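Shown next, in structure tokens, is the structure this report addresses.
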Amino acid sequence: MIKLIDEYLGRGEYSITVPPLDGALMPNELLEETEKLLIVDAPDCLALMNGAPVVSSHSQILEIDNGGKEVARFDAEISCMAGLPEGGLAVGLADGRIAIVNGPYNGKVIEPNEETKCPTAMLADSGNHLFVTHGSSSNLYNDWKKDLMEKNSSGSLWRIEVSTGEQKKICGGLAFPYGIYYDGKTFIVAESWRSRLVKISLDKSKPPEEVLGHLPGYVSRLAPAQGNGIWLAVFAPRSQLIEFVLRENRYRKLMMRQIEPQFWVAPTLRSNKSFREPLQAGGVKHLGILKPWSPARSYGMVIRLDDCDFQPVLSLHSRADGKRHGITSCLEHNGRLLMAVKGDGMVASYPIDRIEKG
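Using the numbering used here, you'd call the opening residue of the sequence shown number 22 and step up by one each time.
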């Protein structure tokens, strides 16, 4: 009954309001000051391979500090990666397979099952296990926009025994989990479509517990920060228009049937690429200038969280008129924050000490 009342009045989960960018999330232009370390098409996931930072680009793994030298190539697009404690790299592929590059399990491939065909993020523990989030059981990794518009929540968290390939489900019913972090006791998972972080216990003793909610964007991968913090990438902004479309079922279904996905009223990694894209009046250029506060379907944001209460401490932004949109992954290495700017095709870098002073 309460849900019916909320739906009629447009409140609660049926509200189209979006949390403001305020406090630690106040807009700035710090991401515009980042250095372009590597120009590469669609960089997606960052990881450390034997201590060296690497980035995925389509089906390739590239070494960042070596001019983009190719480390490995696959027959499918790479969707996520994680360094292994004994050396080497675990690589999630967009068709659901997980492959091991270098290290004691070099060449090993773990095949997917019906629920594990959309790996989005992974991490390895100090033993012989991989923990992998799968965004959806009905859509592949590159169909994330379709998964959002279908309002799915079929994502899951799995534990994999690397030596045997055995897969065990830890938690299901997640709305496109896209990032994972382990604090030594519990897992923190970034749920994109619900714009929140949840805590998940390994022994399944408790249901997922929200630790940070009502974020103003669609969250992506998590990474540890120096000084016991966490970095959170936000790959696209929320907006009242998109929230409205998500609640208008008839319009949304017609849009999905009749219009190409790149022209849907939906978030994107980089907007303003075509005159056929949806456009709000506030996003129209005046005198050749796009205002930084104009409504946009793409944005750049990285948030630093406190690892005690998981609250935002500071953030870096690339606003509507910026050139660092669609950040899907971040990683600290040698005193700098590396970011995979998928929307604008680069790996960017920013000194950690400048962030803390700023």
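We put the CB at the ideal spot given by N, CA and C, even for glycine. Just so it is clear, the structure is predicted and the values come from calculations on it, not from any experiment.
| Asked | Found |
| --- | --- |
| Start and end of the alpha helix (DSSP H) containing I251? | First-last for I251: 250-258, but that is the beta strand (DSSP E), not the alpha helix (DSSP H). |
| Quick one: what's S336 bridged to in DSSP? | I324 |
| May I ask you to report which of helix, strand or coil DSSP gives V39? | coil |
| Answer yes if the stretch 323-330 comes into contact with the stretch 267-278, meaning at least three C-beta pairs across the two stretches below 8 Å, and no otherwise. | no |
| Measure the alpha-carbon distance for D399 versus T207 and round it to whole angstroms. | Outside the shown range of the chain, which is 22 to 379, sits residue 399, and nothing can be said about it. |
| Please report the straight-line C-alpha distance between T349 and S100, rounded to a whole angstrom. | 11 Å |
| Could you name the residues that DSSP lists as bridge partners for I376? | Looking at the DSSP assignment, I376 forms no beta bridge with any residue, so it has no partner. |
| Are G113 and M143 close, meaning C-beta to C-beta below 8 Å? | yes |
| Classify H338 as buried or exposed, calling it buried when 16 or more other Cβ atoms lie within 10 Å of its own Cβ. | buried |
| Answer yes or no: do T141 and P198 have a C-beta to C-beta separation smaller than 8 Å? | yes |
| Would you mind reading off the limits of the alpha helix (DSSP H) that contains I263? | 261-268 |
| Short check: CB of A196 to CB of W214, under 8 Å? | yes |
| Under 6 Å Cβ to Cβ from V362, same chain only, skipping five residues before and after it: list those, please. | R345, I348, A369 |
| By a C-beta neighbour count over all protein chains shown, 10 Å radius and 16 as the cutoff for buried, is D65 buried or exposed? | buried |
| Based on the DSSP output, what are the partners of L290 in its beta bridges? | According to DSSP, which records beta bridges pairwise, L290 is partnered with nothing at all. |
| Rounded to the nearest angstrom, what separates E91 and S77 at their Cα positions? | 10 Å |
| Would you identify the three-state DSSP class for R118, choosing helix, strand or coil? | coil |
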